[in-house]
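Number of protein chains: 2
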Amino acid sequence: MKKYHSPRVADVKLNDPVFAPRIDTAIRKTIPACIRKCHETGRFEAFKLNRYEGMPKLPHFFWDSDVAKVIEGMALALELRPCAELEAELEKYVELIISAQQPDGYLNIVFTTQQKDQRWKNLFDHHELYCAGHLMEAAVAHFNATGRRNFLDCMSRYADYIASVFGHGKNRIPGYPGHEEIELALCKLAQATGNRAYFELAAYFVNERGQDPNYFRQEHPRLAEQDLKNRQAHKPVREQTDADGHAVRAVYLYSGMADVAAEFNDAELFKACENLWQSIVNHRLYVTGGIGSTQAGEAFTVDYHLPNDSVYAESCAAIGLVFFARRMLNLTGDGRYADVMEQTLYNGALSGISLDGEHFFYANLLEVNDNTFSHGYIDKTRQEWFNCSCCPTNYCRFLPQLGTFAWSLGEHEIRLDIPAAGTLANGIEVSGDYPCNGNIRIRFTEHGTFKFGLRIPGWCEHYELKLNGAPCLAKPSAGYITLDREWQTGDELALELSMPVRPLYAHGKVTSNNGRLALARGPLVYALESVDNGRIIPQLLIPAEQEFTLTEAPGLPPGTVAISGRALKEEFGNESLYSTAAPTCSECTFTAIPYALWQNRGASDMAVWIRACR
Amino acid sequence: MKKYHSPRVADVKLNDPVFAPRIDTAIRKTIPACIRKCHETGRFEAFKLNRYEGMPKLPHFFWDSDVAKVIEGMALALELRPCAELEAELEKYVELIISAQQPDGYLNIVFTTQQKDQRWKNLFDHHELYCAGHLMEAAVAHFNATGRRNFLDCMSRYADYIASVFGHGKNRIPGYPGHEEIELALCKLAQATGNRAYFELAAYFVNERGQDPNYFRQEHPRLAEQDLKNRQAHKPVREQTDADGHAVRAVYLYSGMADVAAEFNDAELFKACENLWQSIVNHRLYVTGGIGSTQAGEAFTVDYHLPNDSVYAESCAAIGLVFFARRMLNLTGDGRYADVMEQTLYNGALSGISLDGEHFFYANLLEVNDNTFSHGYIDKTRQEWFNCSCCPTNYCRFLPQLGTFAWSLGEHEIRLDIPAAGTLANGIEVSGDYPCNGNIRIRFTEHGTFKFGLRIPGWCEHYELKLNGAPCLAKPSAGYITLDREWQTGDELALELSMPVRPLYAHGKVTSNNGRLALARGPLVYALESVDNGRIIPQLLIPAEQEFTLTEAPGLPPGTVAISGRALKEEFGNESLYSTAAPTCSECTFTAIPYALWQNRGASDMAVWIRACR
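Following this line, the structure appears as structure tokens:
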């Protein structure tokens, strides 16, 4: 069933203006910063299993996962940029983790120390299987980077033990994780080890979820339907058609479902993935690629409910959506998935981390001003760390993988999904400054016969393609132009993607955006910041019909394109809360910058959706 | 300090088109329905104190207050419409309540039975003093209606006991209620009994609140600042300038503060009331008179944060704001307070109950459609009852008092605050169909020399006043025209308040209303329902500059005035969540009805703030 796979991390080297600096900063800043935080907070220390009953409890029970994601990031960084010092440090942590494994294979810093008696006792709330999943992903990355099997073997023992505990047999627990993640991790472990038992275990977790009698209801008899929905366990996954509940858990589950569907050629399960995909993309997706409309339960809500100020759109959920999109793209080769993967990558995923690599949003708002208020406190500036620090540590392992989202590899086929400048080990060089501009050159540096696929993004209405200077009239199918030929060293494709400023409108049922427009250019969604426009953004109206100007964005990395244009500014004559005096309008200008880069020049008001003049 | 007092309930008889039918329905329907529910749920039964340790706990610990409010409503109804049957039933419940009083004076159905050991142990969460306050209010109403002292004496004993328990002396509890209410109730009890000790106790509760060391922090060491703020206990009340926390608790407290300020001529405390009033009115008040912008903590949020769909605006909070406004009006005679009292009465307070008197909103949304979503479930149709049923029972005692908000009595002075048709016992008759129209006639049926004050509402830009047919040129001061003369039997004032349709605009910082207008006429705020307009309300735009038409509102009580006019309807060409295709517009018409009457013709989408054409 699966048509494509992603390249290895080491096989893609980028030098584009967006991804490449983010990867560099991740390696130089984000990972070291998160390592420091893990030390400062005692997260590494906890693997010494020196906490006992009676000591204060850890602030939460998924520290293991934070460490695992940092380790995974170190391994990916190492794969990308070999470095003896980094490797030595990584090995030290790996050995520490391995040392915490119990004789039966179990490995968890909370439930082997202070809360021993709670092992597997509360799958709904405790994150044991989630932590196990992240450790497995880390072990696979460590194996890929170093070739050493110590961590991989450790995690295989853990997976074997888990396989002996869960399932339908006698003395087995017929449960599944409250926070999904292990499903996709087991598929990675199966691929790395060649042990198909781990695919089987992943399939068990996927298929058992939400079956009747409901395991979570057996654990917690008073759970409401809403609680089960938050964990995607209100019905069997094959029957789920709406993307519901906790957004991160949802897309991690859907990614695992796609992996299982691919492995078992399971068309029914793939159809469920497709239904859930449609639910997200047609009804529950922010224009930035963010998902999860409410902080309450960090969850999806209802169709078309996409508030800009009380949005949650957790960074981890955007990252998870990229994972899900990547898998659906690999399964089908359909450019629809690449479009959403790209939209999420360049906007809602990168918005969660500062350009300096050391500050993070947990929630990615689309509108911030003095009266932005969610139902609880939400940061309006990026923070160095959180008590629940899943997002910073997720960036440690997400950013070094960015290059892998640019290419797909198939049978005698290579596809360029995102034309970010750089090289693929298979002998192809991409140049240009995409996504800042749409002129892309692709040079073939090795001779070979294969299909070369070139994505024409869904947002692109006009493009020109030349092969060695001559117009190439091949038409895209499902978002890709495919050229099947014997490539000569020195062959060159020149692709020009037209990138006008595109005013976007939301569906009429998205009431928060009625009468509003968002500006996009290429794959980038733009936002207005008060840093550029003054603290009057809610008072601005932008005429959609105008010649927008492209300028250098002030105070942002060279090459960043800002959009400027004409606007109207409403002014209010008095300070009354309500009045019969209509606001008056005066002409002004506005400047918009790429959404992902907002709040990199200090605290600022911001809005993506601006009122449109009509 | 106090300039005016309200008339007795029995002294105002109304026959206007809005209040009078609501009072009638309250007596015929609401009170009997709530009595039934109190029986069905066991609320009356519980006063037999036959629940013991080991039985299932009551669903919440303020059932006493529900019963108290129903009893208070029965007493007010009796005062308004003497009825032997009602009186007999009332007396039965009163005796039942009295029978539950403990030898030391304590009276509470939860903390004398199942949770005996918890008496006064958790003032922050348990509602003992709140329940006591409502029982005291009921006792005063019962005394006023029947002249019998049995309940009043019972509650005096309870108040004496409370006075012996709380305060700064040895073995006293230096605490105060987690849910305010007893402060204003003690002032009523003091007035009814003439016992000033109850004023002193009210003053103690007001003044002790939020003092350092914080009593609630002593009870619950881990309380956050936000938790204290939710209870208005984050600082002493005299230092509070923002209306913060749980909205119902806030306005009950402020009402008690105003009572204490009046009794003790306490200018500093009055200033605090005024500051908190300003905070509400200038920054935190819905155009409907609703307060409390979020369901989380049922609370105020931040200045200018007034979302229409995720609003809470609890019915009880609107009722409490009327109480606070009434007290500030009595203290000062300033029409500013009457304006907000009237705004809240006719809109956000009456919206909480159906015309049939048996269905209730807990939260009063200003926008409802398929994708309205708060952080938890909020009813979009009125319900018969709630698990926490404070709002229905509050209407039992609020509606019979409506007439008392129409008049103020001062020294040799009578003031008409709201010109609802009816009679004041002091020999004044008002006719007309206010608030449906602005023609008001006031006839004096007795001879007498006194000042007569006539409010010119803040919303009114043009009016004409005639005395016995001759133009009266007296100008209003602080919202009232005062005529000081010897009134003859048959004297007649004719007041014509001009009532054009007024498009209202919100302050520019209220981002949820940028680019929107609300329609008002006289004191009534209007809303569009899908019942009249189709399910396209978010797609409508209304030009502010147009000749609006007044029509009979279809399916609503005769005399109800609807507003019709021209509108534009946006149409979307495709089903994509986001698209570059701008919506197109076509012309249509709209019909708006008074906000308070929405959802009386079945489930419906609704919006108060509609996009304005410019």
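Chains as they are written, first to last, in our numbering: chain A, 129 to 742; chain B, 129 to 742. Glycine residues also receive a C-beta, built at the ideal position from the N, C-alpha and C atoms. These numbers were taken from a predicted model, which means no experiment stands behind them.
{"Query": "Determine, for Phe-271 of chain A, whether the minimum Cβ-Cβ distance to residues of chain B falls below 8 Å.", "Result": "no"}
{"Query": "Helix, strand or coil for Glu-589 of chain B per DSSP?", "Result": "coil"}
{"Query": "So the candidates are B:Pro-604, B:Met-202, B:Leu-317, B:Thr-573; which of them puts its Cα closest to the Cα of Leu-218 of chain B?", "Result": "B:Met-202"}
{"Query": "Check whether the stretch 707 to 727 of chain A touches the stretch 472 to 486 of chain A, taking contact to mean three or more Cβ pairs, one atom from each stretch, closer than 8 Å.", "Result": "yes"}
{"Query": "Give the residues of chain A in contact with Leu-449 of chain B, contact being defined as C-beta atoms less than 7 Å apart.", "Result": "Those within 7 Å of Leu-449 of chain B in chain A number zero; the least Cβ separation is about 14 Å."}
{"Query": "Name the chain A residues whose beta carbon is nearer than 8 Å to that of Pro-666 of chain B?", "Result": "Gly-636, Lys-637, Thr-639, Asn-642"}
{"Query": "Mind listing which residues of the stretch 357 to 387 of chain B have their C-beta closer than 7 Å to chain A's C-betas, in chain order?", "Result": "none"}
{"Query": "Got a sec: which bits of the stretch 256 to 267 of chain A sit with their beta carbon under 9 Å from any beta carbon on chain B, in order along the chain?", "Result": "none"}
{"Query": "What are the start and end residues of the alpha helix (DSSP H) that includes Leu-454 of chain A?", "Result": "It should be noted that the sequence gives Arg, not Leu, for residue 454 of chain A. Element bounds for Arg-454 of chain A: 443 to 460."}
{"Query": "Are the beta-carbon atoms of Leu-312 of chain A and Met-283 of chain A separated by less than 8 Å?", "Result": "no"}
{"Query": "Assuming Tyr-432 of chain B and Lys-637 of chain B make a contact with CB atoms under 8 Å, what is their CB distance in whole Å?", "Result": "4 Å"}
{"Query": "Spatial neighbours of Gly-701 of chain A within its chain, please: CB distance less than 6 Å, with the 5 preceding and 5 following residues excluded, ordered by chain position.", "Result": "Ala-709"}
{"Query": "Within the same chain, show all residues whose beta-carbon is closer than 7 Å to that of Tyr-633 of chain A, passing over the 5 residues directly before and after it, in chain order.", "Result": "Leu-645"}
{"Query": "Under 8 Å between beta-carbons, which chain A residues line up against Tyr-440 of chain B? List them in chain order, please.", "Result": "Those do not exist, as Tyr-440 of chain B stays about 10 Å from chain A at its closest Cβ, beyond 8 Å."}
{"Query": "Look at Gly-560 of chain A and Ile-584 of chain A and say whether their C-beta atoms are less than 8 Å apart.", "Result": "no"}
{"Query": "Specify, as a first and last residue, the run of the alpha helix (DSSP H) that Phe-572 of chain B falls within.", "Result": "Here Phe-572 of chain B belongs to no alpha helix (DSSP H); instead the beta strand (DSSP E) covers 567 to 572."}
{"Query": "Which of helix, strand or coil does DSSP assign to Met-183 of chain B?", "Result": "coil"}
{"Query": "Taking buried to mean at least 16 other C-beta atoms within 10 Å of its own C-beta, is Asp-144 of chain B buried or exposed?", "Result": "buried"}
{"Query": "Using a cut-off of 7 Å between C-beta atoms, extract the partners of Glu-91 of chain A located in chain B.", "Result": "Here chain A comprises residues numbered 129 to 742, so residue 91 of chain A is not present and cannot be evaluated."}
{"Query": "State the start and end residues of the unbroken alpha helix (DSSP H) segment that holds Lys-747 of chain A.", "Result": "One cannot answer for residue 747 of chain A here, as it falls past the ends of chain A, which runs 129 to 742."}
{"Query": "Phe-294 of chain B: which of B:Ala-287, B:Asp-288, B:Pro-302 sits nearest, CA to CA?", "Result": "B:Pro-302"}
{"Query": "Under the rule that 16 or more other beta-carbon atoms within 10 Å means buried, what is Met-469 of chain A, buried or exposed?", "Result": "buried"}
{"Query": "Which residues, taken in chain order from the stretch 478 to 501 of chain B, show a beta carbon closer than 9 Å to some beta carbon of chain A?", "Result": "Glu-495, Asn-497, Asp-498, Asn-499, Thr-500, Phe-501"}
{"Query": "Output needed in chain order: residues of the stretch 456 to 470 of chain A with a Cβ under 9 Å from some Cβ in chain B.", "Result": "none"}
{"Query": "Please report the distance separating the alpha-carbon of Arg-739 of chain A from that of Leu-668 of chain A.", "Result": "7 Å"}
{"Query": "Give me the DSSP bridge partner(s) of His-133 of chain B.", "Result": "B:Leu-537"}
{"Query": "Using the three-state DSSP reduction, which class does Glu-675 of chain B fall into: helix, strand or coil?", "Result": "coil"}
{"Query": "Who are Arg-745 of chain A's beta bridge partners in DSSP?", "Result": "The question about residue 745 of chain A has no answer, for chain A in this structure spans 129 to 742."}
{"Query": "What are the residues that DSSP puts in a beta bridge with Phe-578 of chain A?", "Result": "A:Arg-613"}
{"Query": "Taking DSSP's pairing of strands, which residues face Lys-697 of chain A in a bridge?", "Result": "A:Leu-668, A:Ser-714"}
{"Query": "Give me the Cα-Cα distance between Pro-210 of chain B and Lys-249 of chain B, rounded to the nearest whole angstrom.", "Result": "42 Å"}
{"Query": "Under a three-way DSSP split, which group does Phe-744 of chain A fall into?", "Result": "With chain A represented from 129 up to 742, any question about residue 744 of chain A goes unanswered, as that position is not in the structure."}
{"Query": "In chain A, what lies closer than 7 Å to Asn-410 of chain B by C-beta?", "Result": "Leu-705"}
{"Query": "How many Å lie between Val-450 of chain A and Glu-402 of chain A at the Cα?", "Result": "15 Å"}
{"Query": "For Ala-287 of chain A, which residues of its own chain have a beta-carbon under 7 Å away from its beta-carbon, when the five flanking residues on both sides are left out?", "Result": "Met-264, Leu-314, Leu-317, Tyr-326, Leu-329"}
{"Query": "Please indicate yes or no: does the CB of Asp-561 of chain A lie closer than 7 Å to some heavy atom of the ligand NAP?", "Result": "Questions concerning the ligand NAP fall outside what the structure shown contains, since it holds no ligand whatsoever."}
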